[in-house]
Amino acid sequence: MSPAGKTLNRGGRPPRLSQNAIVDVGERILVRDGIEALTMRRVAKELGSSPMAVYRHVQDKDELLVLILDRLVARLPRPELPDNPQDRLIELWKLLHGQLIRHPWAIEVLAAGDMMAPSVLWIVEEILATFVKAGLDRKCAAAAYRAVWHFTLGEALVRTATRRRTDELDRPPFAIVLVSDVDREQMPNLACLSDQWSTARETDSYPEGLKAMITGWLSST
2 MSPAGKTLNR
12 GGRPPRLSQN
22 AIVDVGERIL
32 VRDGIEALTM
42 RRVAKELGSS
52 PMAVYRHVQD
62 KDELLVLILD
72 RLVARLPRPE
82 LPDNPQDRLI
92 ELWKLLHGQL
102 IRHPWAIEVL
112 AAGDMMAPSV
122 LWIVEEILAT
132 FVKAGLDRKC
142 AAAAYRAVWH
152 FTLGEALVRT
162 ATRRRTDELD
172 RPPFAIVLVS
182 DVDREQMPNL
192 ACLSDQWSTA
202 RETDSYPEGL
212 KAMITGWLSS
222 T
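Everything in the sequence shown is counted per my numbering, starting at 2 for the first residue and increasing by one.
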């Protein structure tokens, strides 16, 4: 192709837009720059298009976020689940938790309690059905689901925020210094654990906490 032909292509019509292309770019922005950087104008700019053209395929930023969330959940495998209710629930929750840890921006979106991916409904139904099969009535199963969801989301939020802040620091975290330097007579329990806080901070305690929560709910029947 001649130089003139190349110039004409660059100055010609932009590639045809599609919802998938918009979602691709939106996801890249979220992964690279975070939730605050995602705007319809930014998406349009990266696509070499106008915001109005983007709006023909995606109604607004909220719809774009739902589409991206849905894509993330749709990527999850559907593993063969164990028959034991406790083991089954643990596997399902670990599936969700792992995806949250891999995509920190999604934690912030979901914590607001507004967005939800349609593709996640099969997991929610499976969790509720397993609680019911284990002996909980539907109202109690819903309460159990919400409690474990809040624990899962909160653990992921704290872990990712702690990791990010620790990476930024050029000193020991103030919280670790504080709990590691207490009076042994006034606070003997804290003092006995003074050399363990740093290790605990880096330990993945989600499986242990998850098992304790599920055991507690199942034993309430």
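No residue lacks a Cβ here, since even glycine has one placed at the ideal position from N, Cα and C.
- DSSP places residue 190 in the helix class (H, G or I) of the three-state scheme.
- The beta carbon of residue 199 sits closer than 7 Å to those of 177, all from its chain and outside the five residues before and after it, given in chain order.
- Taking the Cα of residue 114 as reference, the smallest distance to any Cα among 212, 155, 93 is reached at 155.
- Distance between residue 137 and residue 86, taken at the CA atoms: about 12 Å.
- Taken atom to atom, the span from the alpha-carbon of residue 220 to that of residue 105 is near 33 Å.
- When the five nearest sequence neighbours on each side are left out, the beta carbons in the same chain lying within less than 8 Å of the beta carbon of residue 161 are those of 102, 105, 108, in order along the chain.
- With a cut-off of 8 Å on Cβ pairs, the stretch 61 to 69 is in contact with the stretch 17 to 31, counting three or more such pairs.
- Residues 45 of the same chain have their beta carbon placed closer than 7 Å to that of residue 51, with the five preceding and five following residues left out of the count.
- Contact annotation: residue 132 and residue 142 have beta-carbon atoms nearer than 7 Å.
- Selection 194, 117, 49, 148 evaluated against residue 213 yields 148 as nearest (Cα-Cα).
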